[in-house]
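Heads up, the thing below is written out as C-alpha cells.
In my numbering, the protein residues as written are 16 to 203.
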C-alpha cells in the first residue's frame, strides 16, 4: 500500500510517498516568506536573558558572523539534534558567534541549563522575543539554524534537525557549508 502525504513544517511544505519500509520525498516548496540568502534581519535581537531581565544581541558586535540556533525547548526535533548541534559548535568553533534563540519563554531556562555545558562557545541565550522580531526573522519550524553576517544579512538558512529526513539541514549540507563532519546517525 502506498500513501502520499503533504507535510507542513514551519513554512515548508513537502509531498512524501510512504510505502511499507520506505519513504521518498516527491516535491518540496518553500514559502516566499522564508528568509533567503541576502535577506536582512533586525540588527539587534531583543528578549529576556537568563537572569529574567531584558537582553539584546547585536549582529556584528563580535566582528564575525553569528550562528543563530532557533529552538522550541519542548520540540522532540530539537532534543534529537542536541548532539549534532554541539558537534557543529565544537568543530566550527571560534569562526562564529553563537546565539541560542527561543521565541517562547516556556522551559527555556531548564533547556539552556541542560545544554550549556556542551555548548561552551554560546554567546547568549534569549527567550521570549517580541512577535514583530519573530515575524521580521520569518522563523519557521524548529530547530532552525541561521547564519547572519555582521551587516545583519542572511548567509544561510537551514530548516530542521541535521538528519537525513530534514527539509534543508541534511548532514552533508551542514558539513559542506561549515567545513565539518557531523557524527553519523545510528542505523543510517
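For each residue, glycine too, the CB sits at the ideal point set by N, CA and C.
- Query: Is it true that the CB of residue 127 sits closer than 8 Å to the CB of residue 115?
  - Reply: yes
- So, residue 157 versus residue 90, is the Cβ gap smaller than 8 Å? The beta carbons of residue 157 and residue 90 sit closer together than 8 Å.
- Alpha-carbon spacing of residue 181 relative to residue 174, whole angstroms: 7 Å
- Query: To which residues of the same chain is residue 53 closer than 7 Å at the C-beta, ignoring the five residues directly before and after it?
  - Reply: 168 and 169
- Kindly indicate the opening and closing residues of the beta strand (DSSP E) around residue 170. 169 to 174
- Bridge-paired residues (DSSP) for residue 84: DSSP lists 115 and 160 as the beta-bridge partner residues of residue 84.
- Query: How would you write the range of the alpha helix (DSSP H) that residue 74 sits in, first residue to last?
  - Reply: No alpha helix (DSSP H) holds residue 74; DSSP gives it neither H nor E.
- Message: On the criterion of 16 or more Cβ atoms from any shown chain inside 10 Å, does residue 80 qualify as buried, or is it exposed?
- Response: buried
- Evaluate residue 87 with the Cβ neighbour count: other Cβ atoms within 10 Å of its Cβ, from every protein chain shown; 16 or more gives buried, anything less gives exposed. buried
- Is DSSP giving residue 69 helix, strand or coil here? In this structure, DSSP gives residue 69 an extended state, which the three-state scheme calls strand.
- Message: What does the Cβ neighbour count give for residue 159, buried or exposed, with the cut at 16 atoms within 10 Å?
- Response: buried
- Residue span of the beta strand (DSSP E) that contains residue 141, given as start and end: Residues 139 to 142.
- Message: Can you check which of these residues, 192, 141 and 144, is closest to residue 162 by C-alpha distance?
- Response: 192
- Message: Does residue 8 come out as helix, strand or coil in the three-state DSSP assignment?
- Response: Only positions 16 to 203 of the chain appear in the structure, and residue 8 is not among them; the question remains open.
- Message: Rounded to the nearest angstrom, what separates residue 145 and residue 58 at their Cα positions?
- Response: 14 Å
- Item | Cβ-based burial, residue 99 [other Cβ within 10 Å; buried from 16] | buried
- Under 7 Å Cβ to Cβ from residue 184, same chain only, skipping five residues before and after it: list those, please. 160, 173, 174, 175, 176 and 177
- Measure the alpha-carbon distance for residue 123 versus residue 117 and round it to whole angstroms. Residue 123 and residue 117: Cα-Cα distance of roughly 7 Å.
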